[in-house]
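To start, the structure itself, in structure tokens.
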Amino acid sequence: MTRWLALCLVALTLPAAAQEAEAPMTYERLGRIVFALDPEAEPQGPGFTMRVGGVAILIVTDQEADRMRAMSPIRPAAGLSQADLERMMQANFDSALDARYAIANETLWSVFIHPLSPLERDEFISGLGQVANVAQSYGTLYSGGALQYGGGDSGGLQRQLIDELLKKGEDL
């Protein structure tokens, strides 16, 4: 039992020791990442608007609440069938990953929500790619794109968007 506990402690501390600590995420730092990914992005109130893989994304921050939300409108919520709702809830469980389907203000959204200050650069970039993928795959794969089960082409195409975004943001 002692050996098992020692192995668990070593396994838990290695990734943390190997990683270089990032500065806390702020509105300003988030903005530098957003503009590196999309030079045509625009500040919008306490956030930004940008495009990722052709998908419009709105990013909202609240530094006092230490929250960030990246979201993309998909369609009006009116007319969603029970089958649509059930499929989206299934995707929220297994294939949407860190992005989610959500309904607010009579609109169906793809959304990634995270505490602001502990948000890491690659986590944010991956979340943006997943928001774009969830929006684009509504009605078909319902996928965030980072993990896929099966042997089709969609997983690779969707993962490609996230990999491209991570590469653009690696020097920040």
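When the letters of the sequence shown are read in order and numbered with mature numbering (1 follows the signal peptide of the UniProt record, and there is no 0), they come out as residues -18 to -1, 1 to 154.
Just so you know, even glycine gets a beta-carbon here, dropped at the ideal spot from N, CA and C.
Judging by CA-CA distance, which residue of the options is the nearest neighbour of residue i?
i           : options              : result
residue 46  : 99, 94 and 59        : 99
residue 68  : 124, 86 and 118      : 124
residue 122 : 85, 65 and 104       : 65
residue 80  : 149, 116 and 86      : 116
residue 44  : 89, 90, 29 and 86    : 29
residue 55  : 19, 147, 120 and 142 : 120
residue 53  : 149, 95 and 118      : 95
residue 8   : 42, 91, 152 and 93   : 42
residue 51  : 22, 17 and 93        : 93
residue 40  : 48, 63 and 16        : 16
Using a 10 Å radius around the Cβ and a threshold of 16 neighbouring Cβ atoms, would you call residue i buried or exposed?
i           : result
residue 32  : buried
residue 36  : exposed
residue 135 : Legend: pLDDT at residue 135 = 45, less than 50; position of this residue unreliable, value from coordinates given subsequently. So residue 135 counts as exposed.
residue 78  : buried
residue 26  : exposed
residue 86  : exposed
residue 71  : exposed
residue 118 : buried
In its own chain, which residues sit with a C-beta less than 7 Å from the C-beta of residue i, not counting the 5 before and 5 after it?
i           : result
residue 74  : 82 and 83
residue 60  : 88
residue 14  : 154
residue 24  : 30 and 31
residue 152 : none
residue 150 : 18 and 19
Closer than 6 Å by C-beta to residue i: which residues in its own chain qualify, once you throw out the five before and the five after it? Chain order, please.
i           : result
residue 34  : 110 and 114
residue 4   : 102
residue 146 : none
residue -10 : Confidence at residue -10 is low in this model, with a pLDDT of 36, below 50, so its placement is unreliable and the value that follows should be read with caution. Nothing listed; no residue qualifies.
Leaving aside the five residues before and after residue i along the sequence, list all residues of the same chain whose C-beta is less than 8 Å from its C-beta, in chain order.
i           : result
residue 144 : 107, 108, 111, 112, 115, 127 and 128
residue 10  : none
Fully enclosed by the segment 88 to 114, which beta strand (DSSP E) runs are 3 residues long or longer?
If one requires a minimum length of 3 residues, the beta strand (DSSP E) runs lying completely within the segment 88 to 114 are 89 to 97, in chain order.
3-residue-minimum beta strand (DSSP E) runs that sit fully inside the segment 18 to 62, ordered along the chain
The segment 18 to 62 contains these whole beta strand (DSSP E) runs: 24 to 26, 29 to 34, 37 to 44 and 49 to 58.
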